[in-house]
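Notes to accompany the following structure.
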Amino acid sequence: MSIRQRDYILRMIEQLAEAIGRIAGLRRAGQLDEAELLVRTTADGLFGPMRDMLDRLDAAGAATLLGDDEKIGAYAALCVEQAEILELRGRAPQALAERRRALELYLEAVSRAPEGNPRAQQGARALLGRLDAARLPERYRALAAKLG
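Reading the sequence shown from the start, the letters are residues 22 to 169 in this note's numbering.
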C-alpha cells in the first residue's frame with residue numbers, strides 16, 4: 022500500500038472515530054433521527070457514490086467492493102451504530118440483521134488482513150457476545166471460531 026493510500030485510510034479512521042463518538046452521544050441523548058442522519062452522512066462521506074451499492078450487497082460482496090480491510094471495518098462500525106439505533110426504535114429484528122451484517126463484515130476484514138486487523142477483531146468479538154454464531158453461514162462460523 023502506498024503512503025498516500027495509508028494516509029487516506031488513517032484520515033478515514035480518525036473521521037470515523039469522531040463520527041462514532043458523536044453518533045453514540047446522540048443515541049444516548051435520545052436524538053435518534055439525528056444519530057441516524059449522521060450515520061448516513063458519515064457513510065456517504067467515507068464511501069461516496071458506492072455507499073448505496075454497499076447497502077444492497079451481502080457482506081462478501083460489500084467487502085470485495087471496498088477492497089481494503091480498514092474500509093471494510095469502517096463500514097462494519099457504521100452498521101453497528103445503525104443496529105443500535107434500530108434497537109432503540111424497537112425494531113429488534115432489523116437490529117439483529119444489521120448486527121449480523123456488521124459481524125460478517127468484521128470477519129471479512131479480519132480474513133483479508135494479511136497481518137491481522139485488531140480493530141476488526143475487537144469489533145467481531147464484541148458482536149459474537151450478542152449474536153448466535155451457530156446461525157452464521159459456515160464460512161463465517163469458521164472465521165469466528167479462529168477468533169476464539
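Virtual Cβ for every residue (Gly too), placed ideally from N, Cα, C. Predicted model only: the values in this text are computed from it and were never measured.
- Taking 4 residues as the minimum length, the alpha helix (DSSP H) runs contained wholly in the segment 38-95 are 53-68, 72-77 and 80-87, in order along the chain.
- Per DSSP, the unbroken alpha helix (DSSP H) holding Ala130 starts and ends at Ala113 to Arg133.
- Between Ala84 and Glu136, the C-beta spacing is not below 7 angstroms.
- Under the three-state reduction of DSSP output, Leu157 falls in the coil class, being neither helix nor strand.
- Two segments are said to touch when three or more pairs of C-beta atoms, one from each, lie closer than 8 angstroms; by this definition the segment 115-132 does not touch the segment 65-73.
- A Cβ-Cβ separation of about 13 angstroms leaves Arg146 out of contact with Arg120 under the 8 angstroms criterion.
- Residue environment: Ile44 is assigned as buried (16 or more neighbouring CB atoms within 10 Å of its CB, all protein chains considered).
- The three-state reading of DSSP puts Gly150 in coil, since its state is none of H, G, I, E or B.
- Residue burial annotation: Gln103 is buried, with at least 16 other C-beta atoms found within 10 angstroms of its C-beta.
- Sequence-distant partners of Arg133 (beyond 5 residues in either direction) whose C-beta falls short of 6 angstroms from its own C-beta, in its chain, are Asp90.
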